[in-house]
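Novice: One structure is given below, represented as structure tokens, and several questions about it will come after.
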Amino acid sequence: MVSQDRANAILHPTDLVRRLQPDSPSLHFQNIFKSDHAFRQIPVWDARHLPPDSDGSRSRPLVRFRAMIQDTSPSPEVYLHHTGWGIADAEPTSSPINYDNLKERIVLWAVNVPGESSWYADKLDAPDNHCQTRAPQQLQVSKQHKWPLPAEPCVVAQIKIYDVAAAEHFKPTDIVTFVGILASEPENSEFASDALVPTIHVLFHRHLSTDPLAHELSSSPFHPSLRDSLIAWIASEALGNDHDAAEWVLLSCIAMVWVPSSACFLLRSNFFLNSQSRNPPILPPSLTISRFPRPPTSDAAPSLTYVLSELLPRSILVPLSLDLINTINFAPESRDEDLHAGILQLAPGTTVLVTESGIEEGKINEKGVRNLQTLQEAIKLQTLHYVFPYSQFSFPTDLCFIVATEGKKSAFFETSVNLPLAPGPSAHPNLFKSRSDVVLPPPDTLSAFRDWIIAAKRGNFTICSDVSQFITDDFVKDRLADKSVSPEDLVSQMTVARLMSLSRHQWELTQETWALAKALDARRKARD
């Protein structure tokens, strides 16, 4: 009976909603698709998977749309409570309206998750996805300006949410899977003449956790040699066999905004204090890989682009050029009460690879200057301004930044770490392989690499009092030997040591890992 209900919900969602009215149908749909197996039977709607009549113009299919919320600014709409979920739009009636039955629904805009890797999407959607698949370029996209990455395929949808209390917690760049009825409706329901856009009437939703695949990880510990193999693969395929550079890339990719617990010791002035009153967040360290060679052709992307996409759930390439800097929005901007996306409007946990080799001599206009400032603020402060006609609002981000530059340092950006690349003598061609030329490890090994990174990123980090005292004493010793050593140096070392510990799947910092982190940083400084 349950399987029949499930099939009926997938094949005839509007009929089922009509029968369930005036009771809320949301709970019914949520219950029959409660298990992961059942949930994965709901057809996926995204840039790669399109159910039959995916424009919603005829069959009004049930779909699930894993999306990044792009715009929460549209005004709410009112509807008759017994004709929710688009039923009134599907079946117009001339009956008089009882205004006592009016209710409110929230309207927002969402896009498929920018930079999401295909392997990651497949793991979230497989194996029970029975959607029809078409080439992405066949999808006609309305409201293209709401998509942050112009060169990539996308879908943009108007989302109508009937659970007003839940919708109040949504904010831009949140990742949410919406399950609902896909229709084709005017952008603003008050004006029937407006162009039709894909619209999802949400029956229920699931917030994407930080790492939704984490529950699939093996409970048995990973072998330490796997980390060495991961670093070796990154080095050989993307960084000319520079293992230290590969290790820094790994540390950068597992970093995220971290709020230390009161049990962790923070540096204040020139000593540690146990912070009981406030724990300011520690931002992910940004990385510049300097002395990175020029590409052999202007359109060649670093092999690191493809390596990151094979390892990380979300990553994008920002190939800076004068044209890109001067013309494309880096920050979201509201025009005519419509929020246009910027390149940096990205979901938390996305790794951004920025290349400077495409910038030639020329003038950077006023827009370009603002764009560079926007990128610098995102790198240094983890904030992104949303620009409105008479004001702007700053929203927190949680992104990882890697900058590749030819010079001794970035020409435009200040990052936490600058590492001169030291490739082998014949490594130049390996830095700009095409995607098809990147040699992937065996599938089981590649899957283990991905699991290793997910586990490292979600690990809980602590420092025991003995190790904290050891670090304090070590800092005092370093400062006595070199007066230029500052409290900021210790904060930086602590950040690297934490990431080193997480990358080794050691959730409590040890003296050995502290020494390894200091040695890695010392080798970096010796390259200058």
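The sequence shown: position 203 = 203 (full-length UniProt numbering), numbered continuously. Positions of the beta carbon are idealized from the N, C-alpha and C atoms, including for glycine.
When the Cα atoms are used, what is the spatial distance from Trp45 to Thr513?
Specialist: Counting from 1 along the sequence shown, the entry for residue 45 is found at position 45. Counting from 1 along the sequence shown, the entry for residue 513 is found at position 513. Their Cα atoms are separated by approximately 45 Å.
Novice: For Leu509, does the three-state DSSP call read helix, strand or coil?
Specialist: Taking the first residue of the sequence shown as 1, we reach residue 509 at position 509. Coil, per DSSP.
Novice: Would you call the CB atoms of Pro295 and Ser236 closer than 9 Å?
Specialist: Here residue 295 corresponds to residue number 295 of the sequence shown, with the count starting at 1. Here residue 236 corresponds to residue number 236 of the sequence shown, with the count starting at 1. The answer is no: Cβ separation not under 9 Å.
Novice: Exposed or buried, Lys34, counting other C-beta atoms within 10 Å across all chains shown (16 or more means buried)?
Specialist: Sequence index remark: in the sequence shown, residue 34 carries index 34 (1-based). Its Cβ having fewer than 16 others within 10 Å, Lys34 is exposed.
Novice: Helix, strand or coil: which one does DSSP assign to Glu337?
Specialist: Residue 337 sits at position 337 when you count from the first residue of the sequence shown. The answer is coil: DSSP assigns Glu337 none of H, G, I, E or B.
Novice: Kindly provide the ranges of any alpha helix (DSSP H) runs that are 4 or more residues long and lie completely inside the segment 359-389, ordered along the chain.
Specialist: Correct list: 366-381.
Novice: Around the C-beta of Asn31, are 16 or more other C-beta atoms found within 10 angstroms, so that it is buried, or is it exposed?
Specialist: Taking the sequence shown and counting its residues from 1, the one referred to as residue 31 is at position 31. Result: exposed.
Novice: Can you look up residue 566 in the DSSP assignment and give me helix, strand or coil?
Specialist: Here the chain has residues from 1 to 528 only, and residue 566 is not among them.
Novice: Assuming Val17 and Ile106 form a contact by the criterion Cβ under 8 Å, report the distance between their Cβ atoms to the nearest whole angstrom.
Specialist: By one-based count along the sequence shown, residue 17 stands at place 17. By one-based count along the sequence shown, residue 106 stands at place 106. At roughly 18 Å, the Cβ-Cβ gap does not stay under 8 Å, so Val17 and Ile106 are not in contact.
Novice: Give a yes or no on whether the C-beta atoms belonging to Leu246 and Ile234 are separated by under 9 Å.
Specialist: Residue 246 sits at position 246 when you count from the first residue of the sequence shown. Residue 234 sits at position 234 when you count from the first residue of the sequence shown. The question names Leu, but residue 246 is Ala in the sequence shown. For Ala246 and Ile234, yes; Cβs fall inside 9 Å.
Novice: Taking C-alpha atoms, which residue in Ile402, Asp299 and Ala301 lies nearest to Ile289?
Specialist: Working through the sequence shown from its first residue, we reach residue 289 at position 289. Among Ile402, Asp299 and Ala301, the Cα nearest to that of Ile289 is on Ile402.
Novice: Once the 5 residues before and after Ser321 are set aside, which same chain residues still bring their CB inside 8 Å of it?
Specialist: Taking the first residue of the sequence shown as 1, we reach residue 321 at position 321. The answer, listed in chain order, is Gly358, Ile359 and Glu360.
Novice: How about Ser26 and Leu203: do their beta carbons lie closer than 9 Å?
Specialist: Counted from its first residue, the sequence shown places residue 26 at position 26. Counted from its first residue, the sequence shown places residue 203 at position 203. Going by C-beta atoms, Ser26 is nearer than 9 Å to Leu203.
Novice: As a quick exercise: from Tyr306, Pro224, Leu251 and Pro285, pick the residue whose alpha carbon is nearest that of Asn430.
Specialist: Here residue 430 refers to the residue found at position 430 when the sequence shown is read from its first residue. With distances taken between Cα atoms, Asn430 lies closest to Tyr306.
Novice: Looking at Ser503 and Ala448, is the spacing between their C-beta atoms short of 9 Å?
Specialist: For this step, residue 448 is matched to residue 448 along the sequence shown. For this step, residue 503 is matched to residue 503 along the sequence shown. Taking 9 Å as the Cβ cut-off, Ala448 and Ser503 do not qualify as a contacting pair.
Novice: On a Cα-Cα basis, can you pick out the residue from Gly240, Pro114, Pro186 and Asp100 that is closest to Gly424?
Specialist: Position 424 of the sequence shown, counted from the start, is the residue given in the question as residue 424. That would be Gly240, whose Cα lies nearest to the Cα of Gly424.
Novice: Which residues share a DSSP beta bridge with Gly180?
Specialist: The sequence position of residue 180 within the sequence shown is 180, counting from 1. Gly180 pairs with Val63 and Val202.
Novice: Check whether the segment 3-13 touches the segment 64-75, counting contact only when three or more Cβ pairs, one atom from each stretch, lie closer than 8 Å.
Specialist: At 8 Å Cβ cutoff, the stretches do not touch.
Novice: Quick check on Glu116: does DSSP put it in helix, strand or coil?
Specialist: Within the sequence shown, numbered from 1, the residue matching residue 116 stands at position 116. Of the three classes helix, strand and coil, the one that applies to Glu116 here is strand, per DSSP.
Novice: Give me the Cβ distance between Leu287 and Trp248, rounded to the nearest whole Å; I'm assuming they're in contact under 8 Å.
Specialist: Sequence index remark: in the sequence shown, residue 287 carries index 287 (1-based). Sequence index remark: in the sequence shown, residue 248 carries index 248 (1-based). About 6 Å separates the two Cβ atoms, so the contact holds.
Novice: Quick check on the burial criterion: 16 or more other C-beta atoms within 10 angstroms. Buried or exposed for Lys408?
Specialist: The residue labelled residue 408 in the question sits at position 408 within the sequence shown. With fewer than 16 Cβ atoms within 10 Å of its Cβ, Lys408 is classed as exposed.
Novice: Mapping the DSSP letters down to three states, classify Ile453 as helix, strand or coil.
Specialist: As a working note, residue 453 is residue 453 in the sequence shown. Ile453 falls in the helix class under three-state DSSP.
Novice: Using CA atoms only, rank isn't needed, just tell me which of Lys367, Gly349 and Thr495 is closest to Ile175.
Specialist: On the sequence shown, position 175 is the one that residue 175 refers to. Among Lys367, Gly349 and Thr495, the Cα nearest to that of Ile175 is on Gly349.
Novice: Determine the direct distance from the alpha carbon of Ser501 to that of Thr510, and round the result to whole angstroms.
Specialist: What you label residue 510 is simply residue 510 of the sequence shown in a count that begins at 1. What you label residue 501 is simply residue 501 of the sequence shown in a count that begins at 1. Approximately 8 Å between the Cα atoms of the pair.
Novice: What residues are listed by DSSP as bridge partners for Ile471?
Specialist: Working through the sequence shown from its first residue, we reach residue 471 at position 471. Looking at the DSSP assignment, Ile471 forms no beta bridge with any residue, so it has no partner.
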